[in-house]
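Chains as they are written, first to last, in my numbering: chain G, 49 to 803; chain H, 22 to 280; chain U, 14 to 157.
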């Protein structure tokens with residue numbers, strides 16, 4: 049507090065007292081008073097304020113003795129140590145990163161209060177809302193203090209159950225899958241999404257709205273999202289009360305614009321919104337996108353497209369009018385990419401739909417942001433626009449935050465066929481910041497060992513063409529079923545590209561040596577197929593995918609045609625074609641019906657017959673109710689007394705056709721167990737051997753080969769359980785129609801877990 | 022204040038300031054800069070008001086720099102500047118901040134934030150203490166950082182050029198000419214503009230840029246490439262001694278480097 | 014499969030090219046009708062260019078420029094238009110670009126380094142790092 053300066057003579061001298069650590073001239077440098085200049089109250093006050101603002105001093109007094117001014121300063125103490133007590137759930141480093149108080153920093157009351165708030169915020173994010181923090185100071189000599197934060201953490205407030213009221217069109221499980229908040233499970237110790245967090249609840253309400261808006265519920269409202277504490281105060285029950293409202297369909301859809309020579313009728317057909325169809329929020333955004341582009345193509349790059357939606361409750365239709373207005377004519381002069389400490393600039397820039405010099409177009413910017421996000425290398429991607437060097441110029445900044453893209457995965461599994469299965473893989477999705485994928489994998493089970501290296505460049509030769517190379521060495525053991533074992537080592541080159549929005553074409557060339565080792569007791573035909581041969585095979589695969597959800601399809605169809613041609617070089621010559629097609633339709637009460645057909649045919653050429661390791665074997669997962677290689681041609685012996693055929697080694701076949709009709713349904717168990725069942729029937733056949741593989745029945749009781757393409761049918765029940773450790777599958781199947789020599793199997797079980 | 026038992030694991034020994042300082046120096050001489058930095062911090066923590074504390078703060082910054090933890094070096098040096106702006110070693114503190122940023126520069130394919138920070142810090146050193154030896158080294162490093170930033174512009178320009186986005190490429194190369202005209206990338210920028218305009222078919226622009234390249238960098242490989250390109254495409258090459266309207270490239274380049 | 018079309022660079026208002034008359038129009042009128050130029054002459058700011066092109070990309074093929082129009086407007090020192098030239102896709106040429114690049118320091122992360130995690134940044138010697146200047150990285154001399 050400045051004492052009053054009565055007379056204002058020029059100042060001769062300024063003295064600084066009470067400073068210990070801070071040098072006198074540092075204090076002087078902050079002062080507004082200069083020797084030789086008269087002292088006035090205003091400059092004194094300002095000096096005091098600036099000195100306080102430095103945060104160095106707890107008290108500042110200026111005494112004016114006419115021509116000498118004395119400045120008394122009391123320095124803030126220095127923090128000697130910061131001690132955290134009572135923090136168990138959150139460790140010291142996590143807290144120390146958040147707070148400003150550090151050893152050797154200056155102690156001020158304001159900073160300590162701010163730090164208390166920061167620690168509480170850390171606990172809130174960790175799901176502990178009842179945490180309290182009290183700071184305390186321990187005085188030390190030489191104006192130093194120890195700062196102690198006493199923390200009482202309080203209980204973890206997790207989420208015990210999420211319930212829904214009023215959801216008659218969708219099951220709790222489907223809705224729960226849409227939310228980010230998940231129910232606390234003891235195995236979800238890593239995830240923090242199972243802690244109660246009010247902000248996340250708000251976000252969940254938005255997710256629910258989007259979900260319902262896409263299923264036709266235009267009037268959908270989340271009436272309330274209530275979290276009540278469980279009696280034992282440990283967790284919260286969260287209840288969403290929903291008002292679904294009615295299902296709407298699109299009413300009349302129109303485009304309005306005053307722009308000359310943009311003809312609305314033509315544009316209407318571009319829209320993905322069709323009157324009469326189910327109301328879906330997404331389609332509206334999609335239509336805005338297509339309109340933006342369609343209008344852009346006719347020379348109007350600067351347009352704003354505003355869809356205004358009006359509901360008419362009585363006939364439950366939604367009318368949508370897309371208004372096209374002229375926007376400002378702005379160009380993008382520069383695109384800067386920041387935050388990419390690992391990924392190379394061009395790996396991001398090539399995903400952008402815009403180029404420097406292009407017209408500013410909002411939907412292309414959003415689409416670019418989506419594409420960069422889909423790279424999967426970044427936690428966040430944010431494209432913001434900044435005013436450019438002139439009014440009609442803008443500058444885009446693409447800000448990314450990198451995230452680790454390397455992964456070490458370890459999987460273990462157990463199945464009735466493969467006994468014990470483990471695999472270990474290390475992979476990197478953004479190799480050298482170039483967006484390339486590299487994976488080393490070692491997989492071993494009782495029947496198969498595999499080591500492979502896979503490398504993929506997503507944008508080969510700067511084109512929309514993914515190319516890759518695989519090097520592999522696989523040993524598979526069919527001794528028990530077909531008394532042979534193959535060891536194939538080789539490499540393959542592959543390339544894939546989208547041909548249209550839902551179809552893509554994959555090309556692959558593989559060169560491998562197949563070493564077939566035959567069990568001593570095998571029949572002569574098999575024995576002369578032993579030895580190693582080089583296979584050089586070209587393959588193309590055309591995929592057509594129109595399914596609504598790739599993991600659990602409920603509607604749509606999928607088809608794939610793959611043809612391989614071996615014989616350009618190498619000693620093996622064959623042509624093989626395989627087709628798979630599946631159709632999915634939702635039935636009643638959340639049941640999903642699916643029909644699946646797959647068929648394959650392989651044929652040697654140039655006089656070659658198809659060797660055993662290239663032939664098809666069916667059974668096990670591919671034909672439930674039968675063991676691995678359980679159906680198809682086989683070496684048999686006729687039992688002289690009963691005339692029944694006793695089956696020996698399987699021989700595989702050059703043709704197979706298998707169909708499956710399946711109906712999957714939710715089980716009456718509570719949903720969060722994630723158990724689903726399905727009734728199925730598999731039907732089909734496998735057969736057709738080359739002549740020189742056939743052995744006639746020379747004398748009764750001697751072994752001969754059977755190859756009759758007879759129909760096999762099985763049906764049964766499968767249970768899928770998406771257990772905490774990974775997917776588990778049980779198959780119970782009864783072979784209804786089969787050959788006596790086929791090998792049937794009633795029960796099959798398999799699981800895999802990875803982390 | 023009430024007496025409280027301070028938890029045992031953070032026992033620290035109050036040691037004489039000279040012994041800690043000596044221990045720190047000894048660590049530094051042995052080359053283990055990380056521990057040296059911790060020891061210097063200890064000096065400042067236990068005896069914040071001693072004369073040694075001020076020196077220890079700067080030495081801690083330097084040790085952190087040598088140990089490669091640049092963020093700590095920067096925060097220590099900045100704390101020194103905040104507490105002792107007038108001190109005789111302040112220029113060195115500013116310099117230390119600058120070279121700590123400088124060491125974190127990533128290659129041109131990646132984010133250049135560190136390069137920008139280094140450039141600003143180096144320019145501060147030159148502005149505040151122009152005739153110290155730190156400023157002289159800072160000027161050299163400024164040219165390096167500007168060259169690096171120009172390198173980034175060129176790499177993006179080339180990326181656009183290779184994909185046929187000539188307008189975007191031309192503007193990137195022009196940016197190099199306007200904002201980084203003293204860097205080693207100027208001849209290439211000129212040649213790339215000639216390549217772009219030849220590809221576009223706008224010959225008068227191509228010939229004009231070619232003549233400036235010829236005039237200012239007659240011996241450079243880039244002029245040879247331009248010369249070959251123009252002759253291949255049958256475009257008349259203006260005689261190199263045509264007086265370009267701003268001949269200052271060469272003089273400015275010369276006096277900047279050897280001024 | 015249908016090719017994807019995309020416009021780049023300058024967009025003419027509702028598709029047609031406005032009439033710029035040498036002698037009558039000046040920089041202000043051109044600015045008002047066309048907006049600022051896509052780029053200017055590298056060394057003469059009295060030449061303005063308005064460049065626009067349309068590119069076609071089909072599946073995996075490299076996108077092709079199917080249409081390009083460059084309008085070159087030259088002004089005299091007083092700012093009135095002296096000449097307007099047009100360049101189309103026809104004037105374009107295939108140019109083999111020189112693949113030499115002016116070197117910039119900084120090294121690629123080696124495959125192992127990336128796979129096994131330590132992100133190496135720019136070693137100082139790339140920049141002639143060892144500052145042999147007195148008081149440089151050598152630290153303040155003891156006698157200070």
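Every residue, glycine too, gets a C-beta built ideally from N, C-alpha and C. Quantities reported herein were computed from a predicted structural model and do not represent experimental measurements.
What is the rounded straight-line gap between the Cα of residue 121 (chain G) and the Cα of residue 106 (chain G)? 8 angstroms
Residue 69 (chain H) in three-state terms, based on DSSP: coil
For residue 74 (chain U), go through chain G and note every residue whose CB falls closer than 8 angstroms to its CB, in chain order. 511
Spell out whether any CB of chain H is found under 8 angstroms from the CB atom of residue 404 (chain G). At least one CB of chain H lies nearer than 8 angstroms to the CB of residue 404 (chain G).
With 16 as the cutoff for other CB atoms within 10 Å, does residue 648 (chain G) come out buried or exposed? buried
Report the neighbours of residue 105 (chain U) on chain G: residues whose CB is nearer than 8 angstroms to its CB, in chain order. Within 8 angstroms Cβ-Cβ: nothing; residue 105 (chain U) doesn't reach chain G, min ~17 angstroms.
Does the structure place the stretch 82-89 of chain G close enough to the stretch 58-67 of chain G that three or more beta carbon pairs sit under 8 angstroms? yes
Find out if the Cβ-Cβ distance for the pair residue 269 (chain G), residue 291 (chain G) is shorter than 8 angstroms. yes
Continuous beta strand (DSSP E) assignments of at least 3 residues falling wholly in the stretch 180-215 of chain H: none
Within 10 angstroms of its Cβ, does residue 760 (chain G) collect 16 or more other Cβ (buried), or is it exposed? When all chains shown are included, residue 760 (chain G) counts as buried.
Rounded C-alpha distance that separates residue 225 (chain H) from residue 85 (chain U): 11 angstroms
From the beta carbon of residue 189 (chain H), is the nearest beta carbon of chain G less than 8 angstroms away? yes
Just mark residue 50 (chain U) as buried or exposed, buried being the case when its beta carbon has 16 or more other beta carbons within 10 Å. buried
Taking the DSSP output, what are the residues bridged to residue 433 (chain G)? DSSP output for residue 433 (chain G) lists G:444 as bridge partner(s).
Could you pull the start and end residues of the alpha helix (DSSP H) that residue 235 (chain H) belongs to? Element bounds for residue 235 (chain H): 224-237.
Under 6 angstroms Cβ to Cβ from residue 19 (chain U), same chain only, skipping five residues before and after it: list those, please. 68
Straight-line Cα distance separating residue 98 (chain H) from residue 182 (chain G): 32 angstroms
Shortest alpha-carbon distance to residue 595 (chain G) belongs to which of G:587, G:658, G:605 and G:586? G:605
Output yes if chain G places a C-beta closer than 8 angstroms to the C-beta of residue 127 (chain H); else output no. With its beta carbon less than 8 angstroms from one in chain G, residue 127 (chain H) belongs to the interface.
Contact between the stretch 182-192 of chain H and the stretch 49-63 of chain U: three or more CB pairs below 8 angstroms? yes
Are three or more beta carbon pairs between the stretch 410-421 of chain G and the stretch 212-224 of chain H nearer than 8 angstroms? no
Interface residues of chain H facing residue 477 (chain G) [CB-CB closer than 7 angstroms]: Taking a Cβ-Cβ cut-off of 7 angstroms, residue 477 (chain G) has no neighbours in chain H, whose nearest Cβ is about 17 angstroms from it.
Leaving out the 5 sequence neighbours to the left and right, which residues in its chain are closer than 6 angstroms to residue 136 (chain U) when beta-carbon positions are compared? Note that residue 136 (chain U) scores a pLDDT of 32, beneath 50, so its modelled location is shaky and nothing firm can be said.
Considering just the uninterrupted stretch of the beta strand (DSSP E) at residue 551 (chain G), what are its terminal residues? 551-566
Note down the Cα distance separating residue 88 (chain U) from residue 47 (chain U), rounded to an integer number of angstroms. 15 angstroms
In terms of residues, what are the limits of the beta strand (DSSP E) holding residue 356 (chain G)? Judged by DSSP secondary structure, residue 356 (chain G) falls within the beta strand (DSSP E) whose first and last residues are 351-360.
Simplified DSSP assignment, three categories, for residue 105 (chain H): coil
Can you name, in chain order, every residue of its own chain whose Cβ lies under 6 angstroms from the Cβ of residue 515 (chain G), other than the five neighbours on each side? These residues qualify, in order along the chain: 505, 508 and 543.
Here's a check: name, in chain order, each residue in its chain whose Cβ is nearer than 6 angstroms to the Cβ of residue 474 (chain G), leaving out the five neighbours to either side. Counting only Cβ-Cβ distances below 6 angstroms, and skipping sequence neighbours, we find 456 and 488.
Please look up how many angstroms separate the CB atoms of residue 197 (chain H) and residue 159 (chain H), rounded, as I've assumed it's under 8 angstroms. Residue 197 (chain H) to residue 159 (chain H), Cβ: 23 angstroms. No contact.
Spell out the partners DSSP gives residue 301 (chain G) in its beta bridges. G:368
Check for me: the beta strand (DSSP E) holding residue 890 (chain G) runs from which residue to which? With chain G represented from 49 up to 803, any question about residue 890 (chain G) goes unanswered, as that position is not in the structure.
Assuming residue 665 (chain G) and residue 706 (chain G) are in contact, meaning their beta carbons sit under 8 angstroms apart, how far apart are those beta carbons, in whole angstroms? 12 angstroms between Cβ atoms; not a contact.
Could you work out which residues of chain G lie near residue 106 (chain H), taking near to mean beta carbons separated by less than 8 angstroms? For residue 106 (chain H), the residues of chain G that pass the 8 angstroms Cβ criterion are 74 and 77, in the order they occur in the chain.
Cβ contact (3+ pairs, closer than 8 angstroms) linking the stretch 303-319 of chain G and the stretch 375-392 of chain G: Output reads no: the stretch 375-392 of chain G does not touch the stretch 303-319 of chain G.
Strictly under 8 angstroms for the Cβ-Cβ distance: is residue 150 (chain U) near chain G by that measure? Unreliable placement is indicated for residue 150 (chain U), whose pLDDT of 31 sits below 50; the coordinate value is still reported in the next sentence. Taking Cβ atoms only, chain G never reaches closer than 8 angstroms to residue 150 (chain U), which makes this a no.
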